[in-house]
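In UniProt numbering, the protein residues as written are 1 to 167.
Note that CB positions come from ideal geometry on N, CA and C, so glycine has one too.
Just below is one structure, and these are the notes that go with it.
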Amino acid sequence: MIVAQTTILGLNNGHSTFTILGREGMYCIQIIHSSLDKLQKIFNTIIEKAEIFEKQKKDDNIIQFQKIQMARAMLEAKKAQLIELRSETADLRKTAEDLEKRQPILKDFDTPQKLEKEKEFEQEQQQDVNQKDMLPPDQKQDGLDLNNPNLGIISIDDRRYNVNNEL
């Protein structure tokens, strides 16, 4: 449509049609050329960003792989420690069994000591209960604490408060 308009205009003005078409063609070629330059810059930017992203992704994968390798190494070390501890435990059990077979007297000796300690503890508890029972009934019921620094003396403020409540 542009070509048709320029042809009509070219005939009316006395200019040749080919000259007008040549100018418009050059103008269109310049626009296309500048657009192609802009597109090339955009594509270059996209390619650079993609390369940067790929490099970062590759670096992240390397770091993750290194972390996994370290975790595996730590796991293997822990497994080795566990195996060593299990063997030591088995050795200690065997040693304990051997000692029990050689010295059964120690086992019997430990039991009476424990029983004596338990009896002493029970006696002390019984003495505490007996001391509480030996208090006269009026001291048990009045609720006065003899360990209190006031020694059971009611303060003036408490008396006033109690008297006001009774009224």
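Enumerate in chain order the residues of its own chain whose CB-to-CB distance from residue i is below 6 Å, with the five nearest sequence positions on each side excluded.
i, result
"K119", "none"
Please go through the same chain and pick out, in chain order, the residues whose beta-carbon is closer than 7 Å to the beta-carbon of residue i, but skip the five residues on each side of it.
i, result
"S87", "none"
"Q141", "For Q141, the predicted model reports a pLDDT of 49, less than 50, meaning its position is unreliable and no value from the coordinates is stated."
"Q30", "none"
"A71", "none"
Reducing DSSP to helix, strand and coil, say where residue i ends up.
i, result
"Q30", "helix"
"Q103", "coil"
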